[in-house]
Amino acid sequence: MEPETASTCLKRLSKIEGQVRGISRMVEEDRYCIDIITQIAAARAALRRVEEAVLKDHVSHCVEHAITSGDADEQRTKVAELMEVLARTNR
């Protein structure tokens, strides 16, 4: 992973960690359900942004390297991995 991507993702994950702790407090404090659901949705959206950044980094480096390498086995492996992860993220 590119250092800039990793740094950005780590910062976002730290914020998400704080969001999740906040959601736990909301549940402990018996806060209004809709407010809790709203915060859960925000945390999920933030996780999706991290996921997208990691995926973009993977495609622009790992998959691109496999394509330019000329190694057919590596190309098939990277494409298969990409298809599998995309299928999982869309569930």
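Residue numbers for the sequence shown follow this note's numbering, so the first one is 129 and each next one is one higher.
Every residue, glycine too, gets a C-beta built ideally from N, C-alpha and C.
Environment of Ala173 [buried if 16+ CB atoms lie within 10 Å]: By the neighbour-count rule (16 or more Cβ atoms within 10 Å), Ala173 is not buried but exposed.
Rounded distance between the beta-carbons of Gly150 and Gln167, thought under 8 Å: Contact holds; Cβ gap of about 7 Å.
Boundaries (first-last residue) of the alpha helix (DSSP H) holding Cys161: Looking at the DSSP string, the run of the alpha helix (DSSP H) that includes Cys161 is Cys161 to His186.
Option in Lys139, Arg219 and Cys161 with minimal Cα separation from Arg177: The shortest C-alpha to C-alpha distance from Arg177 to any of Lys139, Arg219 and Cys161 is the one to Lys139.
Best match in Leu210, His186 and Glu212 for proximity to Pro131 [C-alpha to C-alpha]: Taking Pro131 as reference, the option from Leu210, His186 and Glu212 with the minimal CA-CA separation is His186.
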